[in-house]
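Colleague: Provided herewith is a single structure, encoded as structure tokens, for subsequent inquiry.
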Amino acid sequence: MVGTWRGTDSEPKELFVNHQAGLAGHGGSSYIDTVALRDKDSTNGWTGTPDGTREQRHYYAQNWRADVSAIVDSSGEIQEWDKYRAYGVPFLLTPADHTKDGAVAKADNDSFAADYAAGNLRADLNKSGTVTTADQTIFNASYAKAVVGGRWKLSAPDIANRKGYAGYEHDGDLPELAHVRHRVLHFGLGRWTRRDPLGYVDGASLTNYVQNAPLVNVDPTGETLVCVGCGACLIAVGLSCGALCLEQPWWDTPGEGFGMCMLNCIAAALGMSYDALMGMLTGTLPTPEGLAMLACDFVCGRCLHTSMRDFGRWLGRTFPNIPWLPRPVAPSVPGVLRPGPGIWRITPIGPTFPLPSFPQVPAIPICRFGMC
31 MVGTWRGTDS EPKELFVNHQ AGLAGHGGSS YIDTVALRDK DSTNGWTGTP DGTREQRHYY
91 AQNWRADVSA IVDSSGEIQE WDKYRAYGVP FLLTPADHTK DGAVAKADND SFAADYAAGN
151 LRADLNKSGT VTTADQTIFN ASYAKAVVGG RWKLSAPDIA NRKGYAGYEH DGDLPELAHV
211 RHRVLHFGLG RWTRRDPLGY VDGASLTNYV QNAPLVNVDP TGETLVCVGC GACLIAVGLS
271 CGALCLEQPW WDTPGEGFGM CMLNCIAAAL GMSYDALMGM LTGTLPTPEG LAMLACDFVC
331 GRCLHTSMRD FGRWLGRTFP NIPWLPRPVA PSVPGVLRPG PGIWRITPIG PTFPLPSFPQ
391 VPAIPICRFG MC
């Protein structure tokens with residue numbers, strides 16, 4: 031969206047500046063719903079005739095999934111924050127809502143006054159690093175507005191932002207709906223309200239939203255998934271493997287180098303053999319796309335259910351026959367690795383390795399095969 035016009039008006043009520051990286055603004059390096067700022071004509075109200083002057087400028091702060099997390103005015107002061115549930119239900123917070131319960135009441139004034147008097151950084155509303163009278167001014171202005179926030183509220187009336195979850199266009203009159211180009215998303219149901227215009231290309235359900243994986247996927251067109259979390263997951267896998275390969279028990283053969291251990295670990299995490307991984311890296315495999323989709327299934331699904339350490343433990347349980355993974359060693363070695371029922375754990379014998387017990391973490395894929 032670049033602007034909003036009212037009927038036959040020649041001047042817009044609002045104009046948007048979008049992030050458009052590469053190729054003089056026509057490239058694909060930026061997510062389609064990433065917005066830099068909005069200029070709005072606030073004269074005569076939203077339905078009145080625009081006068082050609084856009085008095086308000088607000089900047090959009092968006093997170094990794096392109097959720098609009100905060101709105102900042104032209105002076106750099108945060109006007110409102112938004113939190114979202116997994117499928118997009120918003121929760122509005124304002125500077126005066128100091129207790130973060132969605133309402134503005136005397137308890138907020140008392141809580142802010144206490145933090146302000148103590149110099150607590152919770153009262154640093156302009157994020158300057160210190161608590162000053164400027165923070166008191168911001169709080170007082172917001173408190174006077176007494177904007178009711180909380181669940182299902184996206185924006186204060188005077189700001190009237192409509193861009194929220196994943197940068198989608200929220201319906202101003204029906205807060206549970208967002209217009210996402212080819213379809214309409216219902217936040218409360220976590221489903222599209224219309225059938226997939228492309229048919230059964232994404233599975234048996236025609237109204238399923240992003241294959242039930244909203245933590246890693248978005249769908250800005252209503253037709254095609256975009257995996258926005260897989261890059262972070264791949265980084266987590268690299269860090270996990272690095273931590274594992276630095277630990278004594280994980281090097282299987284004398285003289286095995288750190289690099290070889292890393293390659294074996296990454297290959298196992300992606301569900302492929304070492305030879306297959308090397309083939310993909312060297313470009314000798316005929317179908318790297320298939321391997322990439324398999325990688326998304328394993329990597330995205332696993333790393334969001336486990337910590338970096340737990341991911342490595344999962345490898346040991348899931349691939350017990352891979353040579354470089356730990357296996358029982360002679361009892362004379364201090365700290366013996368023994369396999370339990372579907373789990374590896376340490377049985378202390380004298381001094382132990384610096385390795386905690388392995389928690390059993392369910393390995394449930396989030397990013398479905400082929401959907402990233």
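Following my numbering, the numbering of the sequence shown begins with 31 at its first residue and continues without gaps.
We treat Cβ as the ideally placed atom computed from N, Cα and C, and that holds for glycine.
1) Within 8 Å, do at least three Cβ pairs link the region 108 to 123 to the region 188 to 197?
2) Taking 8 Å as the cut-off, does the region 115 to 134 touch the region 164 to 183 (at least 3 CB pairs, one atom from each stretch)?
3) Under the three-state reduction of DSSP, which class applies to residue 97: helix, strand or coil?
4) Decide yes or no for the touch test of the region 91 to 104 against the region 63 to 73: beta carbon pairs closer than 8 Å, at least 3 of them.
5) By Cβ distance, which residues of its chain are closer than 6 Å to residue 159, with the 5 residues on each side in sequence left out?
6) Taking one C-beta from the region 147 to 156 and one from the region 199 to 208 each time, how about it: are there three or more such pairs within less than 8 Å?
7) Per DSSP, what are the beta-bridge partners of residue 44 in this structure?
8) Looking at the structure shown, is residue 265 part of a helix, part of a strand, or coil, going by DSSP?
9) Quick one: Cα of residue 275 to Cα of residue 296, how far?
10) What do you reckon, are the CB atoms on residue 197 and residue 63 nearer than 9 Å?
11) Can you tell me the Cα-Cα spacing of residue 44 and residue 84, whole angstroms?
12) Can you list, in chain order, the residues of its chain with a C-beta nearer than 6 Å to that of residue 119? Leave out the 5 residues immediately preceding and following it.
13) Are the CB atoms of residue 248 and residue 114 nearer to each other than 9 Å?
14) Can you tell which of 288, 73, 79 and 32 has the C-alpha that lies nearest to the C-alpha of residue 40?
15) Count Cβ pairs between the region 219 to 233 and the region 87 to 101 that sit closer than 8 Å; are there 3 or more?
16) If we ignore side chains and look at the alpha-carbon of each, how far apart do residue 304 and residue 291 end up?
17) With respect to the alpha helix (DSSP H) encompassing residue 130, which residues constitute its N-terminal and C-terminal limits?
18) Considering only DSSP beta bridges, list what residue 192 is partnered with.
19) Mind checking residue 173: buried by the 16 CB within 10 Å criterion, or exposed?
20) Locate the beta strand (DSSP E) running through residue 208, then write down its first and last residues.
21) With distances taken between CB atoms, is the gap from residue 246 to residue 259 smaller than 9 Å?
22) Report the three-state DSSP secondary structure of residue 294 (helix, strand or coil).
23) Taking the beta carbon of residue 168 as the centre, do at least 16 other beta carbons fall within 10 Å, making it buried, or is it exposed?
24) Who pairs with residue 122 in a beta bridge, going by DSSP?
25) Around the C-beta of residue 353, are 16 or more other C-beta atoms found within 10 angstroms, so that it is buried, or is it exposed?
26) Out of 38, 50 and 82, which has the shortest C-alpha to C-alpha gap to residue 31?
27) Using three-state DSSP, classify residue 215 as helix, strand or coil.
28) Among residues of its own chain, excluding the 5 on either side of residue 137, which ones have a beta-carbon nearer than 7 Å to its beta-carbon?
29) Under 6 Å Cβ to Cβ from residue 73, same chain only, skipping five residues before and after it: list those, please.
30) Just list the residues that DSSP pairs residue 76 with in beta bridges.
31) Which partner residues of residue 91 appear in the DSSP bridge assignment?
32) Could you give the residue range of the alpha helix (DSSP H) that holds residue 198?
33) Which stretch, first to last residue, makes up the alpha helix (DSSP H) that contains residue 230?
34) Do residue 146 and residue 166 count as a contact pair if the criterion is CB distance below 9 Å?
35) Exposed or buried, residue 187, counting other C-beta atoms within 10 Å across all chains shown (16 or more means buried)?
36) Could you check whether the Cβ of residue 99 sits closer than 8 Å to any heavy atom belonging to the ligand FMN?
Modeller: Looking at the coordinates:
1) Contact holds: three or more Cβ-Cβ distances are below 8 Å.
2) Result yes; three or more Cβ-Cβ pairs closer than 8 Å.
3) Here residue 97 carries a coil assignment [DSSP, helix/strand/coil].
4) A contact exists between the region 91 to 104 and the region 63 to 73.
5) There are no such residues.
6) Too few Cβ pairs lie closer than 8 Å, so no.
7) For residue 44, which the question treats as bridged, DSSP gives the partners 34 and 70.
8) Of the three classes helix, strand and coil, the one that applies to residue 265 here is helix, per DSSP.
9) Spanning the two alpha carbons is a distance of roughly 11 Å.
10) Cβ distance < 9 Å, so residue 197 and residue 63 count as in contact.
11) Those two C-alpha atoms are separated by around 7 Å.
12) If you ignore the 5 residues before and after residue 119, its C-beta comes within less than 6 Å of the C-beta of 217, all in its own chain and listed in chain order.
13) No, Cβ-Cβ distance for residue 248 and residue 114 is not below 9 Å.
14) With respect to the C-alpha of residue 40, the residue from 288, 73, 79 and 32 having the closest C-alpha is 79.
15) No: fewer than three Cβ pairs fall under 8 Å.
16) If you draw a straight line from the Cα of residue 304 to the Cα of residue 291, it comes to about 10 Å.
17) Where residue 130 is concerned, there is no enclosing alpha helix (DSSP H), given that its DSSP letter is neither H nor E.
18) Residue 192 has no beta-bridge partner at all, per DSSP.
19) Buried, since its Cβ has 16 or more Cβ neighbours within 10 Å.
20) Residues 207 to 210.
21) With respect to residue 259, residue 246 sits close: the two C-beta atoms are nearer than 9 Å.
22) In the structure shown, residue 294 adopts helical secondary structure according to DSSP, grouped into three states.
23) Buried is the call here.
24) In the DSSP output, where bridge partners are listed per residue, residue 122 has 112 and 180.
25) Any reading at residue 353 must be qualified, since the residue scores a pLDDT of 43, below 50, and its modelled position is unreliable; no value is offered.
26) Nearest C-alpha to residue 31: 50.
27) Annotated three-state conformation of residue 215 is strand, per DSSP.
28) So the qualifying residues of the chain are 129.
29) Residues of the same chain with a CB within less than 6 Å of the CB of residue 73, apart from the 5 flanking positions on each side, are 81 in chain order.
30) For residue 76, which the question treats as bridged, DSSP gives no partner whatsoever.
31) Bridge partners of residue 91: 100.
32) No alpha helix (DSSP H) contains residue 198, which DSSP labels as neither H nor E.
33) Where residue 230 is concerned, there is no enclosing alpha helix (DSSP H), because DSSP gives it neither an H nor an E.
34) Contact: yes.
35) Exposed.
36) The ligand FMN is absent from the structure shown, which contains no ligands of any kind.
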